[in-house]
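Residue numbers (our numbering), protein chains in the order written: chain A, 1 to 424; chain B, 1001 to 1281; chain C, 2001 to 2286.
Beta carbons: idealized from backbone N, C-alpha and C, even for Gly.
What follows is a short report on a single structure.
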Amino acid sequence: MKASARYLISTAFGLSLTLGVTAGAGAQVLFWSNQAAPIEETQAMREQVLAGFDGQVDFQTQEPGPFLTRLDAELEAGSGAIGVVGALHGELSNYTESWMDLSGLDLGVTVGPALLELGRLGTDELKYLPWMQASYVMAANVQALEYLPEGYDLDALTYDQLVEWMEILATETGSPKFGFPAGPQGLKHRFFQGFLLPSYAGSTVTKFRSAEAVAGWEMFRELWQHTNPASTNYGFMQEPLLSGDVWVAFDHVARLGDAFNQRPDDFLAFPAPAGPMGRGFMPVLAGIAIPQGAPNPEESQALAIYMMQPETQVATLRATNFFPTIDIDLPDDLPNSAQALGAAITTMTGSDDALPALLPIGLGDLGGQFNQVYVDAFERIILANQDIAQVLDDQANALRDVIDRAGAPCWAPDAPSEGPCPIE
Amino acid sequence: MTNKALPYLLLTPAILFLLVFFLYPFVQIAVLAFAGPEGFTLSHFQRMTSHWKFGTALANTLILTAIIVPVQLALALSMASIVTRLKTGRSTILYIFAIPLGLSDLAAGIIWLAIFEQSGFLNSLLVGLGLVERPVLFLGYQNIGWIFAAVIIAEIWRATAIMMVILVSGMGIIPKEYYEAAEVFGASRWQRFRKVTLPMLRPSLQTALILRTIAAFEVFAVVVALGGTTLPVLMGETYQWQFSLRDRSVAASYALVILAISIAATLVFLRLLRVPKEAKI
Amino acid sequence: MSSAPVAANIEDRPRPVGDAGRAGQFVFVAAIILLCAWILVPLYLLFVNTLSSPAEVTGFPKSGLPSFSMGSVQFFLSFSGVGQALWNSLLVAVLTMVFSILLGAPAGYALSRFEFPGKEIFRLLVVMTRAFPLPLLALPLAVMFIRTGLDDTALGLALVHTVLALPFAVLITFSLFAGIPVELEEAAWTLGCNRLQAFIKVILPLVLPGIVASAVFAFTISWNEVFAASVLTIENRTLTAFLVQNLNVSPLHLKFAGGTALVLPALIFIFAVRKYLFAMWGIANR
Chain A
1 MKASARYLIS
11 TAFGLSLTLG
21 VTAGAGAQVL
31 FWSNQAAPIE
41 ETQAMREQVL
51 AGFDGQVDFQ
61 TQEPGPFLTR
71 LDAELEAGSG
81 AIGVVGALHG
91 ELSNYTESWM
101 DLSGLDLGVT
111 VGPALLELGR
121 LGTDELKYLP
131 WMQASYVMAA
141 NVQALEYLPE
151 GYDLDALTYD
161 QLVEWMEILA
171 TETGSPKFGF
181 PAGPQGLKHR
191 FFQGFLLPSY
201 AGSTVTKFRS
211 AEAVAGWEMF
221 RELWQHTNPA
231 STNYGFMQEP
241 LLSGDVWVAF
251 DHVARLGDAF
261 NQRPDDFLAF
271 PAPAGPMGRG
281 FMPVLAGIAI
291 PQGAPNPEES
301 QALAIYMMQP
311 ETQVATLRAT
321 NFFPTIDIDL
331 PDDLPNSAQA
341 LGAAITTMTG
351 SDDALPALLP
361 IGLGDLGGQF
371 NQVYVDAFER
381 IILANQDIAQ
391 VLDDQANALR
401 DVIDRAGAPC
411 WAPDAPSEGP
421 CPIE
Chain B
1001 MTNKALPYLL
1011 LTPAILFLLV
1021 FFLYPFVQIA
1031 VLAFAGPEGF
1041 TLSHFQRMTS
1051 HWKFGTALAN
1061 TLILTAIIVP
1071 VQLALALSMA
1081 SIVTRLKTGR
1091 STILYIFAIP
1101 LGLSDLAAGI
1111 IWLAIFEQSG
1121 FLNSLLVGLG
1131 LVERPVLFLG
1141 YQNIGWIFAA
1151 VIIAEIWRAT
1161 AIMMVILVSG
1171 MGIIPKEYYE
1181 AAEVFGASRW
1191 QRFRKVTLPM
1201 LRPSLQTALI
1211 LRTIAAFEVF
1221 AVVVALGGTT
1231 LPVLMGETYQ
1241 WQFSLRDRSV
1251 AASYALVILA
1261 ISIAATLVFL
1271 RLLRVPKEAK
1281 I
Chain C
2001 MSSAPVAANI
2011 EDRPRPVGDA
2021 GRAGQFVFVA
2031 AIILLCAWIL
2041 VPLYLLFVNT
2051 LSSPAEVTGF
2061 PKSGLPSFSM
2071 GSVQFFLSFS
2081 GVGQALWNSL
2091 LVAVLTMVFS
2101 ILLGAPAGYA
2111 LSRFEFPGKE
2121 IFRLLVVMTR
2131 AFPLPLLALP
2141 LAVMFIRTGL
2151 DDTALGLALV
2161 HTVLALPFAV
2171 LITFSLFAGI
2181 PVELEEAAWT
2191 LGCNRLQAFI
2201 KVILPLVLPG
2211 IVASAVFAFT
2221 ISWNEVFAAS
2231 VLTIENRTLT
2241 AFLVQNLNVS
2251 PLHLKFAGGT
2261 ALVLPALIFI
2271 FAVRKYLFAM
2281 WGIANR
């Protein structure tokens, strides 16, 4: 038995060595992404976006667990297979030290300076290329419009008007029809950070527990009365919209697209509502980074440049409903989802009371714990029905702890600060 | 080959294997749970226990296990008895009973979500039969009882087969003479089951219970599919700390909690269903 | 596959001969039908959704009958590399099966037949393997594999899957050996067999169905494992890592088609080996 064990182990290593050599031989670039993860989008990325690259790409999308585990392992081992990483701003900032400086790349296109600033991740180097952007909007089934009170303008809706509309909808149809992505895959934290708190308190961090913030949460608690309770299971609002379980919803544009493409005439998109301080909204920014230990850096850089070219960016929009980060004119024949949702974003960002909230900057690997503060506040206030002021006091301590540990100064809409962003 | 050395020789391959592929990585993680900037610390455990979800997650995991495992045991015993009693069509029925063996928890979550969701099959049936006027919301966050029930049903559906297969194999090696002897003494079917099958089945029962209980403590995919974040469980919190909150030390602490209750449960079953030395019967 | 014909099949079967009365018979048959329906109906619904159009999958109320719309199925069949991934999955699963039995069965036998110091420690070690969450182990294992060259090989993944399957192999074989009276072996020794011969001629035939069962289980553990497969294979992806890793975030109709893609091969495999689950029944019934 002992002999057989030894035999097994030696064969194991012998075999692995031969296999390892053959695996390393190909010049294929591994594109490791947690964006475009829905399986149809992955396929579209492979067939429509990356097929035009002059070289071989293996586009792999992963759920957060395997995505991070593989990345962590390669960075710890100092070598690996990943050539290019595609992820959100907050996720890329977890590994600021590990990315190659991309500021020397000749992209041949113009990227907005604000986006490039985010791509520096608070350093002097360009840590990632701003790859694609999006935001969150509202979507409604056209049936719901019949219940919209007279004189309310969808493009200039306030949160109070939304609550009123949803109340009418719930009473008239007999069940709550608002939907909110509060499931495990849902992007609820961004709503609180970038929409609710900016609209009510004009702040994400500083006024976290102000009276204005309490008013915002009170409004949301009321809205929740008219929200489909299955919302705690929703990740992508396109599904309950299509099934009719929900008639009006808030979500990331990429997670609404399917509804608009399957039944273009049944749905319309409109901006997120406004609060007393304005129409708070948050962008979504995904970037492309190259690990310092990438097996074939030249090929990786060539792929990164390819992803920024105008044709690629438009193809990416078609595949994922994420919009280009470079200055270009979009073609007229975009899919219905891109047209409808893009128009809603434009209306939102161009509105008189627009109040842009930036993505968190300088949190490093504490981004997840930062999000958790807002999610915990939501679960305690809305789901567990605890006292709002009390919860916000508790969570403010957790928030201060995260901000202090990261040493992160304020970002918009909070006023710039010396040192860690204070919480009043 | 002496009898003293033989057991160790038989264990050597498995031990060597586990040393390299389990114990080595395991120690690396276990160390994380206790390591702080200044050496040994319990701060990660404090962080874990002071989080408001820890108690709920622990309680939910234990309650789910306490309900699921006994029901599965009863069901698996009935299924195994049925299969061994069958004279014809036995392999077809066994195959059908064994089907869930091949199902992942991912697939099980997808299947039962299709049944329980608001516009799912169960509601289609209830509305179709006129039992309810409008679809019932089974999986809403206020209906934690329903979510519990849905998770329990799905887990019982998914994971009973493994217990059944173990018990069927165990029943297969019980010598027929015991039953014949029992019959001679006029024992009823139920008496034979209690006096012959159950005692003889002890090793298989023990194995089935240990394996199933440990797996139940790690319940996760089905819970997430059906309950979202409404029903926190230990494994879900481990994931949360490892991948969302990026605190591997607290995640390791959670994993050690799962390990500890698993070992405790195993020791209980080992004691409760002690297999007589060298299986002398 | 539909539940109705299967249920009818069962009724056609000759009633089992027993000493229970007519009522007992009825209860017995009814229980079988109920249990079969309990297992088959949810599966049937999965197949219905797989064979429905996207609109039907999200629609309400549902008819419960498939419309044989093949869109979702075709989407998966159109993936390039499905065949290769299927082969990788099979390879990894078979290796896992072989490893876990080769390592597990001797250990199970030792646990059942000997009292020795350290026995309880070994049992706990085996149980720990199963009780510790794999997603945490995956990181140090991946680092180790990248450094040793085991990364991205079927062998490497099979070794990890063996960690998952080994406790089953050890404990199931233990319970089988423990269920066989040691006198049986002793009788063989007195008839002139040595320990190995007695094992092969007397014990092995008795436990073979159980060993097959635990091998089948090792196979399905490996087949269904997604996490380690996603982390540890890049070019040699398994079917699960290749197709279904992102089902959770995919549109409903594809979720169901993906679920079917995951379930179907496993069903076929269990079907193929089903008779081995009972192969030695005649001997066991001596």
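| field | C/L2166 versus C/S2069, C/L2243, C/L2262 and C/F2122, residue with shortest Cα-Cα distance | value | C/F2122
| Would you say A/F31 faces chain C, with C-beta separation under 9 angstroms as the test? | no
| 9 angstroms Cβ cutoff, B/N1060 in contact with chain A | no
| said: Just checking: is the beta-carbon of B/E1183 within a distance shorter than 9 angstroms of some beta-carbon in chain A? | reply: no
| Beta-carbon spacing of C/I2203, C/L2164 below 9 angstroms | no
| Extent of the continuous alpha helix (DSSP H) to which B/N1123 belongs | F1121 to G1128
| message | Please classify B/L1019 as buried or exposed, where buried requires at least 16 other C-beta atoms within 10 Å of its C-beta. | response | exposed
| message | For a quick check, are the C-beta atoms of A/V253 and A/Y136 less than 9 angstroms apart? | response | yes
| Using a C-beta cutoff of 9 angstroms, does B/D1247 count as contacting chain A? | yes
| task | With A/Y136 as the anchor, note down where its alpha helix (DSSP H) starts and where it stops. | result | Per DSSP, A/Y136 belongs to no alpha helix (DSSP H); it is in the beta strand (DSSP E), L129 to N141.
| query | Are any of the Cβ atoms in chain C nearer than 9 angstroms to that of B/A1114? | reply | yes
| Three or more beta-carbon pairs under 8 angstroms between the region 236-248 of chain A and the region 179-191 of chain A, yes or no? | yes
| Neighbour-count burial assignment, B/A1260, 16 or more Cβ in a 10 Å radius | exposed
| query | Span of the beta strand (DSSP E) holding A/A249? | reply | V248 to H252
| message | I'd like to know whether the C-beta atoms of A/G65 and A/P291 end up nearer to each other than 9 angstroms. | response | no
| request: Check whether the region 1134-1143 of chain B touches the region 2070-2090 of chain C, counting contact only when three or more Cβ pairs, one atom from each stretch, lie closer than 8 angstroms. | output: no
| What residue from A/Q193, A/D376 and A/R380 has the CA that sits closest to A/P283's CA? | A/Q193
| Counterpart residues of B/V1165 in DSSP-defined beta bridges | None; B/V1165 has no bridge partner.
| task | Return no unless some Cβ of chain A is closer than 9 angstroms to the Cβ of B/N1143. | result | yes
| query | Which one of A/Y200, A/P422 and A/A286 has the shortest CA to CA distance from A/G278? | reply | A/Y200
| task | Kindly say whether C/A2228, judged by its beta-carbon, lies nearer than 9 angstroms to any beta-carbon of chain B. | result | no
| task | Closer than 7 angstroms, Cβ to Cβ, to anything on chain C: give me those residues from the region 64-82 of chain A, in chain order. | result | G65, P66, T69, R70, D72, A73, E74, E76, A77, S79, G80 and A81
| query | Is B/V1250 near B/L1234, with beta carbons less than 9 angstroms apart? | reply | no
| query | Hey, is A/Q369's beta-carbon within less than 9 angstroms of any beta-carbon in chain B? | reply | yes
| task | At 8 angstroms on the CB atoms, spell out the chain B contacts of C/M2128, in chain order. | result | F1022, F1026, L1259, S1262 and I1263
| query | Given 8 angstroms as the limit, is there contact between the region 259-274 of chain A and the region 156-165 of chain A, that is, 3 or more CB pairs closer than that? | reply | yes
| In whole angstroms, what is the alpha-carbon distance linking C/L2239 and A/A144? | 43 angstroms
| message | According to DSSP, simplified to helix, strand and coil, what is B/G1102? | response | helix
| query | What whole-angstrom Cβ distance do B/L1101 and C/V2216 have, given they're in contact under 8 angstroms? | reply | 7 angstroms
| request: Keeping to the same chain, check which residues put their C-beta closer than 7 angstroms to that of A/P360; ignore five residues upstream and five downstream. | output: G90, G367, F370 and W411
| Buried versus exposed call for C/W2189 [16 or more other C-beta atoms within 10 Å across all chains shown] | exposed
| request: For C/A2138, go through chain A and note every residue whose CB falls closer than 9 angstroms to its CB, in chain order. | output: G65, P66, T69, R70 and A73
| request: Could you tell me which residues DSSP puts in a beta bridge with A/R279? | output: A/A354
| request: Would you identify the three-state DSSP class for A/W411, choosing helix, strand or coil? | output: coil
| query | For a contact meaning CB atoms closer than 8 angstroms, what does B/S1119 contact in chain A? | reply | S243, G244 and D245
| message | With a threshold of 9 angstroms between beta-carbons, can C/V2170 be considered close to chain A, or not? | response | no
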